[in-house]
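In full-length UniProt numbering, the protein residues as written are 1 to 615. Working notes for the structure below.
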């Protein structure tokens, strides 16, 4: 029998175990330990506990206790009144070989059912008008098949569209044109269109991209005026209530929208996606944009990656698309019931055929370790590799990399300074350690202070770059926003980019923030920099995964420089990190194995603001 007192449990795990003991004082210790493991799995990003992966293992490093064999473990759980099946009023739910906290099982099942219902409900479409509109809007594309045109066609023809593409594949170009195509449909002028994204930074960037793109659209001024220009965070869209898991908009009080476009959907966790789909009217169109190969949400779930599993076009879908768009697609019967709702954009307009970054991204995603290392050893103008890194050389390189930025700081011109800051950025896999965000920022700022003769006790100086860590709706500042400290006639002020120019704030007014010369790859998602230096830890780390490596290098538009030992690079490429989840199985045409594994990303840190919806 396991002794819970000997296990080192986290605060959330202890709270869950204690609540279950209040419900059943004589609860089996193995059931309580299973609940604690399920809670720990959620904190790492798993939606559930995959019993088949852990059965017979020793999951607690400080304890030699071995978990029961799978059959025995299932029997123990089935016998407990704390564990039920889907729909039972129990705190834990056992679904096959997956153990869930009840709320997360409900989120997953509800989301799957609502996505399938939305996918099956086809809207009325004038295909003749659609074909003519798409021909005009995508006349500039010459590649065959034109996946942007095909994605737009599916988004107009269906109530659910999932569009995945890497950097430079034209997701924004596609979405602004598909919205124009929707507006040109009969009755399209009456559509209420909403734009959303998981973070304030992503929402602002999406709105700006659409404003810039619509000017060149070959459509009437009336259609241009109807295209939305404002985007909101998903939490604000839903009406989140502080720290409560409850939101204002639900199925009983739906969002007043006919179309919702969600950008950076790969960053949306299971709980948030379930609430979002539940709050959208059943006949409204939902269009999800993202990159299935990027890091997923910090919280539990890799929803976007799971939605992209099992995609394909059956013979009927291929024939329909050819009739409307003139494009031929390969017939590949989908394994998912979402079928042809998922379209991948494959042609990169950013990375040309001879691009080292583009080729490196392909080899990383293919898990090709020898090919990745071989490519980095070649002389490519857009790739560099420091295979024997040391902290002293790194500090010198960062000083050189930010030299242009600090030269621009002397002008005190926010526009010039921000442009210079986006020329070069340091990305890391982790927050802590000498090769993490904290260590790099501390070392670099110490040198900056010495050179500027700023007292070590002074936090603020000209050129200090910071990243906001929490949303402040009153100030209009959001988690992930970058600010730069510059001198003004009123003293030092921290400037942030805004829709109407640059907004200055007194340093004392800012919400919680960190220095931002170095940032984690996770925080860089959705951002683009001219050059990127990716610093990998010297020691093995569970954070070094294929998706992290891919996300980091594709933040660079022109050059990426990798500082990392060959062993660490090899581990990152070889590790397709996984999340235990069941959404893809629920969407599959034929049920697959009991546990479906989706990409795992950086686990939530102790400083993360999100909270688990335990009950």
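Even for Gly, the Cβ is constructed at its ideal location relative to N, Cα and C. All of these numbers come straight from a predicted model, not from anything done at the bench.
Roughly how far, in whole angstroms, is the beta-carbon of residue i from the beta-carbon of residue j, given that I think they are within contact range, below 8 angstroms?
{"i": "residue 24", "j": "residue 68", "result": "Incorrect: roughly 19 angstroms between the Cβ atoms, too far for contact."}
{"i": "residue 360", "j": "residue 553", "result": "6 angstroms"}
{"i": "residue 372", "j": "residue 149", "result": "With a Cβ gap of about 33 angstroms, residue 372 and residue 149 do not count as contacting."}
{"i": "residue 484", "j": "residue 406", "result": "Contact flag wrong, Cβ pair sits at about 11 angstroms."}
{"i": "residue 704", "j": "residue 86", "result": "As displayed, the chain neither begins before 1 nor continues past 615, which places residue 704 out of reach and without an answer."}
{"i": "residue 287", "j": "residue 163", "result": "7 angstroms"}
{"i": "residue 300", "j": "residue 45", "result": "6 angstroms"}
{"i": "residue 107", "j": "residue 251", "result": "Actually they are not in contact, since the Cβ atoms of residue 107 and residue 251 sit about 14 angstroms apart, beyond 8 angstroms."}
{"i": "residue 187", "j": "residue 389", "result": "Actually they do not touch by this definition, with Cβ atoms about 60 angstroms apart."}
{"i": "residue 401", "j": "residue 424", "result": "4 angstroms"}
Quick one: grab the DSSP three-state call for residue i.
{"i": "residue 517", "result": "coil"}
{"i": "residue 260", "result": "strand"}
{"i": "residue 472", "result": "strand"}
{"i": "residue 253", "result": "strand"}
{"i": "residue 592", "result": "With a pLDDT of 46 at residue 592, under the threshold of 50, the modelled position of that residue is not reliable, and no figure is offered here."}
{"i": "residue 163", "result": "strand"}
{"i": "residue 314", "result": "coil"}
{"i": "residue 454", "result": "coil"}
{"i": "residue 308", "result": "helix"}
{"i": "residue 94", "result": "strand"}
{"i": "residue 386", "result": "strand"}
{"i": "residue 410", "result": "coil"}
What does the alpha-carbon distance come out to for the pair residue i and residue j?
{"i": "residue 4", "j": "residue 21", "result": "12 angstroms"}
{"i": "residue 93", "j": "residue 487", "result": "57 angstroms"}
{"i": "residue 516", "j": "residue 32", "result": "41 angstroms"}
{"i": "residue 453", "j": "residue 298", "result": "39 angstroms"}
{"i": "residue 99", "j": "residue 248", "result": "29 angstroms"}
{"i": "residue 71", "j": "residue 362", "result": "41 angstroms"}
{"i": "residue 321", "j": "residue 358", "result": "29 angstroms"}
{"i": "residue 696", "j": "residue 295", "result": "Coverage of the chain is limited to positions 1 through 615, which leaves residue 696 absent and any answer about it impossible."}
{"i": "residue 560", "j": "residue 89", "result": "52 angstroms"}
{"i": "residue 232", "j": "residue 267", "result": "15 angstroms"}
{"i": "residue 9", "j": "residue 48", "result": "18 angstroms"}
{"i": "residue 126", "j": "residue 171", "result": "24 angstroms"}
{"i": "residue 505", "j": "residue 495", "result": "6 angstroms"}
{"i": "residue 116", "j": "residue 202", "result": "27 angstroms"}
{"i": "residue 12", "j": "residue 84", "result": "22 angstroms"}
{"i": "residue 618", "j": "residue 413", "result": "This structure gives no information on residue 618, because the portion of the chain shown stretches from 1 to 615."}
{"i": "residue 537", "j": "residue 428", "result": "8 angstroms"}
{"i": "residue 142", "j": "residue 316", "result": "25 angstroms"}
{"i": "residue 101", "j": "residue 41", "result": "11 angstroms"}
{"i": "residue 566", "j": "residue 396", "result": "21 angstroms"}
{"i": "residue 558", "j": "residue 382", "result": "6 angstroms"}
{"i": "residue 343", "j": "residue 155", "result": "10 angstroms"}
{"i": "residue 29", "j": "residue 2", "result": "6 angstroms"}
{"i": "residue 175", "j": "residue 192", "result": "15 angstroms"}
{"i": "residue 481", "j": "residue 200", "result": "8 angstroms"}
{"i": "residue 312", "j": "residue 334", "result": "4 angstroms"}
{"i": "residue 135", "j": "residue 177", "result": "11 angstroms"}
{"i": "residue 181", "j": "residue 224", "result": "11 angstroms"}
Determine the burial state of residue i: buried for a count of at least 16 other Cβ atoms within 10 Å of its Cβ, exposed for fewer.
{"i": "residue 230", "result": "exposed"}
{"i": "residue 221", "result": "exposed"}
{"i": "residue 478", "result": "buried"}
{"i": "residue 471", "result": "buried"}
{"i": "residue 591", "result": "Low per-residue confidence applies at residue 591: pLDDT is 48, beneath 50, and the placement is therefore not dependable enough to give any value."}
{"i": "residue 346", "result": "exposed"}
{"i": "residue 593", "result": "Note on residue 593: pLDDT 45, under 50, position unreliable in the model; the coordinate value appears next. So residue 593 ends up on the exposed side."}
{"i": "residue 473", "result": "exposed"}
{"i": "residue 336", "result": "buried"}
{"i": "residue 173", "result": "buried"}
{"i": "residue 410", "result": "exposed"}
{"i": "residue 19", "result": "exposed"}
{"i": "residue 26", "result": "exposed"}
{"i": "residue 490", "result": "exposed"}
{"i": "residue 167", "result": "buried"}
{"i": "residue 619", "result": "With the chain represented from 1 up to 615, any question about residue 619 goes unanswered, as that position is not in the structure."}
{"i": "residue 421", "result": "buried"}
{"i": "residue 367", "result": "exposed"}
{"i": "residue 524", "result": "buried"}
Nearest chain C C-beta to residue i closer than 8 angstroms, yes or no?
{"i": "residue 286", "result": "Absent from the structure is chain C; it holds one protein chain and no more."}
Between residue i and the ligand NAD, is there a pair consisting of the residue's CB and a ligand heavy atom that are separated by less than 7 angstroms?
{"i": "residue 170", "result": "With respect to the ligand NAD, the structure offers nothing, as it holds no ligand at all."}
Decide yes or no for the touch test of the stretch 325-343 against the stretch 513-532: beta carbon pairs closer than 8 angstroms, at least 3 of them. no
Do three or more CB pairs link the stretch 279-287 to the stretch 155-163 at distances below 8 angstroms? yes
Taking contact to mean 3 or more Cβ pairs, one atom from each stretch, closer than 8 angstroms, check whether the stretch 109-128 and the stretch 59-67 are in contact. no
Do the stretch 580-590 and the stretch 297-310 touch if we need at least three Cβ pairs shorter than 8 angstroms? yes
Contact the stretch 449-466 vs the stretch 560-575: 3+ CB pairs below 8 angstroms: no
Answer yes if the stretch 547-561 comes into contact with the stretch 437-454, meaning at least three C-beta pairs across the two stretches below 8 angstroms, and no otherwise. no
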